[in-house]
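To keep things clear, I will list the structure first and then write my remarks on it.
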Amino acid sequence: MTTTDTSFLNFPLRLSLFIEAVNNSTLNVKTCKAITGGGLGKGNTKMPGRTYGISAWRCITGSKLAEIAGSVCSICYARKGNYRFRNVKDAFLVRADSLVHPLWAEAMAVQIRRYSSDEEFRWQDTGDLQSLEHLLMIIMIAEATPSTDHWLPTREITIIRQLEKLVVAGQVTIPSNLCIRVSSHFNGQKPWRRLPEWCNTSTVDWEDAPDTCEAPRTDKNARVHTVEDFKAYTPQEKKDLDFGHCGDCRKCWDKDVNNTNYDSH
Ligand code: SF4
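To convert a position in the sequence shown, counted from 1, into the numbering used here, add 29.
Encoded structure:
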């Protein structure tokens, strides 16, 4: 049994039909990868879990911010380096286009159950939400993969507000294993305010942040080095220690951590 277009149904009914479809899915991994434009990303060795991203050139808010100096998006890694090569750029565009496939959500859930059970999963390591429907599909996938912790960073406040209306109306409940973090747009900017209570936030270089991501000082053995020690290391020592790992930290996925602050330096 596979899902058909159920987007016209009320969400609770749609969700229950979706979970039933995932439980009984006959999609194999090869087909799932084809449907979703290549399947899950392996992430990188420094962060836990697998990923799924789409083209950063399709970001609705991010594409405007990318033109503004000082915005976080103006130095977006997903618009630089290898991401500018035609074949890479096209591959991420194919993934963005795959969102409209009627079996996209089912194919994602099948892959996450297979490869990311009891692990973290990171949405939008490149790109951002495209629509309320995109966000609703991620919510359905999180519900269908309860042993996976999902982290969704986004700048799409408009879509968050659209979802808020459905939550207030009792149509949608945010899954306990999905942490939605709304990201501030500029370096130094404080966290967004007046967000729904189910939203978390993230900032870059916010000087009043109670703490900041320690990945830049966490080595390949998950040891967090002090600021003083880190500053004293030579470039070769830093290279040997291979900094930039999450280690044992999972704050980005932790709904009890209201805000995560990152250092741009
Ligand atoms: S806050 Fe923790 S989980 Fe998030 S990127 Fe930094 S080290 Fe990794």
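Glycine is no exception: its CB is placed at the ideal position from the N, C-alpha and C atoms.
Annotated as proximal: Ser293 and Asn216, with beta-carbon spacing under 8 Å.
Beyond the five residues adjoining it in sequence on each side, Thr174 comes within less than 8 Å, by CB distance, of Ala138, Ile141, Arg142, Ser145, Ser146, Phe150 and Asn206 in the same chain, given in chain order. Within 7 Å of the C-beta of Thr289 there is at least one heavy atom belonging to the ligand SF4. Remark: fewer than three beta-carbon pairs, one from each stretch, lie closer than 8 Å, so the stretch 259 to 266 and the stretch 60 to 72 are not flagged as touching.
In the structure shown, Gly78 adopts coil according to DSSP, grouped into three states. Distance from the CA of Lys59 to the CA of Arg124, rounded to the nearest whole angstrom, comes to 15 Å.
Within the model, the alpha-carbon separation for Leu161 versus Glu185 is close to 10 Å. For Asp178, DSSP records a beta bridge to Glu149. Residue state for Arg113 is assigned as helix, using DSSP reduced to three classes. The beta carbon of Ser127 sits closer than 7 Å to those of Ile64, Thr65, Gly66 and Trp133, all from its chain and outside the five residues before and after it, given in chain order. In the DSSP assignment, Arg210 forms a beta bridge with Pro182 and Asn229. Trp180 places its beta carbon less than 8 Å from that of Trp282. Bounds of the beta strand (DSSP E) holding Tyr291 are Asn288 to Tyr291. When the beta-carbon positions are compared, Glu148 and Ser54 stay at least 8 Å from each other. Boundaries of the alpha helix (DSSP H) around Lys267: Pro264 to Leu270. For Arg279, the Cβ falls inside the 7 Å cut-off from some heavy atom of the ligand SF4.
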